[in-house]
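As you go down the protein sequences, you meet chains P and C in turn.
Last residue of the first sequence: 395 (UniProt numbering), numbering continuous.
Last residue of the second sequence: 395 (UniProt numbering), numbering continuous.
A short write-up of the structure that comes next.
There are 2 protein chains.
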Amino acid sequence: MGKMLKKLISYDKAKEMVFNEWNKFLKDKFKIIPLLDALGRVSYEDIMSPIDLPMFDRAAMDGYAVRAEDTFGASTTNPLILNLVEKKEINEGECLKVFTGSKMPKNADAVVMKEYCKEEDGFVEIYKGVHPYENVSRIGEDVRKGDLLLKKGEAISPHHISILSSVGIKEVKVYNVNVGIISTGDELVDLEEVISMEELKNNSKIVNSNSLMLYALVKESGLNPKIYGKVVDDRERIKSLIKKAIIENDIVITTGGTSVGDRDYIIEVVNELGGIVLHGVQIRPGKPFGFGKINNKLIFTLSGYPVASTVQFELFIRSYFKKRKKIKLPLRRNIASELGRTDIVRIKIEDFEVEPLRITGSGVISSLTKADGYVIIPENVEGYEKGEYVEVYLF
Amino acid sequence: MGKMLKKLISYDKAKEMVFNEWNKFLKDKFKIIPLLDALGRVSYEDIMSPIDLPMFDRAAMDGYAVRAEDTFGASTTNPLILNLVEKKEINEGECLKVFTGSKMPKNADAVVMKEYCKEEDGFVEIYKGVHPYENVSRIGEDVRKGDLLLKKGEAISPHHISILSSVGIKEVKVYNVNVGIISTGDELVDLEEVISMEELKNNSKIVNSNSLMLYALVKESGLNPKIYGKVVDDRERIKSLIKKAIIENDIVITTGGTSVGDRDYIIEVVNELGGIVLHGVQIRPGKPFGFGKINNKLIFTLSGYPVASTVQFELFIRSYFKKRKKIKLPLRRNIASELGRTDIVRIKIEDFEVEPLRITGSGVISSLTKADGYVIIPENVEGYEKGEYVEVYLF
């Protein structure tokens, strides 16, 4: 009988091995970029606030800055009168005109909204009392000096960009990993070379969709993809393309040829060029996943099936850089699994319940565009029952 | 007393008015781009599959293509023998060697995995029977001709890119909207001009963070941002910058100066250049939101406070282009609102419950980086109680 994957490693063990290598490997893989370009990149370091924000007490409304005690008891029927001054401090019985965002004058501790004031020549009638710090944004109210604004490993959002620029940070250190992408398979035709699908069909070919998909997945993970196109199932050609891609990048991702068929050369080639660290993981889909090292660079050998390669990418690459949000929702029907195997089940959220997507093989791509996320069934669990609350990783 | 926002419009009404204008405005605002550049853009049209996928029955495993009926009853103790042929069809008693992805030969309807076969010279021993279509990916199993692969208004994911390339689609039509971004306020300093935060503090200035934040928000929405920097609260300067930005872009977004203070010129300027469609919405935060038209282009006047402007952007721009995922989770504590007003409450998901973020003013930026999403409390609801299930829009 044919060759088989020898000893499958558990998902937990495989994850630990790969993530340990990531930790070591990424030590010097950063780049400093302008904050404006940082959207979607992953922070290489913790960033603390260098200052309090606001930096000074600010008026939160248009109106008049006052000493709150000078306004106590003021009302429409019993207005109080304050002298209008124009200086950087006020004294008892005085007020200063301010706009939203203005720095508060010295001694002032509140703002009376202009809707409750009437300005006359040199004085202001106050129709409503204010308590101390009413309508004032106080020093440090938004952010305290030393507050953690962005965590190492966190994806940078528009909100991070807002707060980092507010405290005067102009550049950020982000992970900078160049990723070479190679697809293998005699049956593949690169998209730009497709003349008609009819022609592909007649020649029993399919589009090399994995290169484009991985390009997008890598980009979405905050890393830098480069496509090397497809290579046929020929040991020497695969070897020379991997060599080239490894030299030109930090890591390489391949798809296809990672099983143990007669034409599955990838694992042997990685072993010749460097060394396979692991091959074959107790997961479904994605079992033939391989991971190795060549010249201190990393190589991930993924399946040719898009769904399997997506899952492998998700578990061993994306989830290192960008954590998914997790929620807990009830299952709409049973899902079965096998003891000893970790299952990754695509799901849809329907009426706020988890609907596992019925799919047959790992090749059913359309299940991915329909999925809202996935559920991981650990190896020591035989499945989940209808109504049970399960953790969902959200796309 | 001072001017006030006259008549506030309800959130539902405002949304309807703005979205109607978007619908009309976007009629010709598209661009055709290569599929590889489409990640994160928003599709301008429905895309149906032009073909069945797979285009032909394919082997789903390495092994031997057979007529299933020829293998019935085969087992380790009772192997059956088939003649090994090398042609595009097989007949009774024959088999053909295939690899994962190979086109199935004519008359074959199943694959016996090679692990259950032993190849000898000219024939193959079969150790396991297969049923019809076992280990075969059938025509149209992934996608049927005419299936909807991508919806108009849907954000393009790596999975869409995978499936679209698989069916041979090389380019996609996406929304193409150029967005000019202007911040107004005497107190603002553009980030690149900041020498030290100490200097800003001494001059009672703050960083123009809104331009950078909006740049990122616009980009994340699949649109094309362009920053015009800050302009002081001077009616003529604001007017000439808006004029320039309107000419050079499809829409303009401003921040600041949209209230009714003495220095709030934006609304008047929009009215002079074109017309304000609405100003003042019953939402919190974000009440002073304004929306207008100049030369058949759209202008959105947002608040100066980052949290308020983020919410306004979310409700009236982002949510038109990219729908948030919605889930339902129980509240960890009461949230109060006011009848007649729509509240947008930032929340965190903790232990799979919804924790409303305690924040004081609309200026508390840090609440945004901590938030996992938000809850909308409609105008006819006074609030929600602890334990109640609420709809969460996920960031």
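Positions of the beta carbon are idealized from the N, C-alpha and C atoms, including for glycine.
Quick caveat, the model's predicted, so the values are computed rather than measured.
Under the three-state reduction of DSSP, which class applies to residue i: helix, strand or coil?
{"i": "Y393(P)", "result": "strand"}
{"i": "K170(P)", "result": "coil"}
{"i": "K370(C)", "result": "helix"}
{"i": "T342(C)", "result": "strand"}
{"i": "G2(C)", "result": "Annotation note: pLDDT 39 at G2(C) (below 50); position unreliable, coordinate value reported separately. Coil, per DSSP."}
{"i": "K114(P)", "result": "helix"}
{"i": "E350(P)", "result": "strand"}
{"i": "K96(C)", "result": "Note that residue 96(C) is Leu in the sequence shown, not Lys. Strand, per DSSP."}
{"i": "E89(C)", "result": "strand"}
{"i": "I156(P)", "result": "coil"}
{"i": "S165(C)", "result": "helix"}
{"i": "L329(P)", "result": "strand"}
{"i": "A108(P)", "result": "coil"}
{"i": "E69(C)", "result": "helix"}
Locate the alpha helix (DSSP H) running through residue i, then write down its first and last residues.
{"i": "N210(P)", "result": "209-220"}
{"i": "N20(P)", "result": "11-25"}
{"i": "P79(P)", "result": "Segment: none, P79(P) is in no alpha helix (DSSP H) and carries neither H nor E."}
Of all Cβ atoms in chain C, is any one closer than 9 Å to the Cβ of residue i?
{"i": "V381(P)", "result": "no"}
{"i": "Y215(P)", "result": "yes"}
{"i": "H131(P)", "result": "no"}
{"i": "H279(P)", "result": "no"}
{"i": "V207(P)", "result": "yes"}
{"i": "I161(P)", "result": "yes"}
{"i": "T77(P)", "result": "no"}
{"i": "F289(P)", "result": "no"}
{"i": "T310(P)", "result": "yes"}
{"i": "N210(P)", "result": "yes"}
{"i": "F316(P)", "result": "no"}
{"i": "G168(P)", "result": "yes"}
{"i": "E350(P)", "result": "no"}
{"i": "T255(P)", "result": "no"}
{"i": "K15(P)", "result": "no"}
{"i": "G222(P)", "result": "no"}
{"i": "R341(P)", "result": "no"}
Assign residue i to one of two classes, buried (16 or more other C-beta atoms within 10 Å of its C-beta) or exposed (fewer than that).
{"i": "S196(P)", "result": "exposed"}
{"i": "S337(P)", "result": "buried"}
{"i": "Y389(C)", "result": "exposed"}
{"i": "H279(P)", "result": "buried"}
{"i": "L339(P)", "result": "exposed"}
{"i": "V177(P)", "result": "buried"}
{"i": "T76(P)", "result": "exposed"}
{"i": "S43(P)", "result": "buried"}
{"i": "K103(P)", "result": "buried"}
{"i": "I266(P)", "result": "buried"}
{"i": "residue 404(P)", "result": "Residue 404(P) is absent from the structure shown; chain P starts at 1 and stops at 395."}
{"i": "R237(P)", "result": "exposed"}
{"i": "P288(P)", "result": "buried"}
{"i": "V112(C)", "result": "buried"}
{"i": "R346(C)", "result": "buried"}
{"i": "S240(P)", "result": "exposed"}
{"i": "D57(P)", "result": "buried"}
{"i": "H131(C)", "result": "exposed"}
{"i": "I9(P)", "result": "buried"}
Counting along the chain, where does the beta strand (DSSP E) carrying residue i start and finish?
{"i": "L53(C)", "result": "Here L53(C) belongs to no beta strand (DSSP E), and DSSP marks it neither H nor E."}
{"i": "E119(C)", "result": "117-120"}
{"i": "I33(C)", "result": "30-34"}
{"i": "Y64(P)", "result": "63-66"}
{"i": "I126(P)", "result": "123-126"}
Any beta-carbon of chain P closer than 9 Å to the one on residue i?
{"i": "I242(C)", "result": "no"}
{"i": "V177(C)", "result": "no"}
{"i": "E268(C)", "result": "no"}
{"i": "M48(C)", "result": "no"}
{"i": "Y320(C)", "result": "no"}
{"i": "D142(C)", "result": "yes"}
{"i": "P147(C)", "result": "Reading off the sequence shown, one finds Asp at residue 147(C), where the question assumed Pro. Yes, because at least one Cβ of chain P sits closer than 9 Å to the Cβ of D147(C)."}
{"i": "I9(C)", "result": "no"}
{"i": "G40(C)", "result": "yes"}
*Go through the UniProt domain "MoaB/Mog" (180-323) of chain C residue by residue and report every complete run of the alpha helix (DSSP H) that reaches 4 residues or more, in order.*
Listed in chain order, they are 197-202, 209-220, 235-248, 266-273, 306-313.
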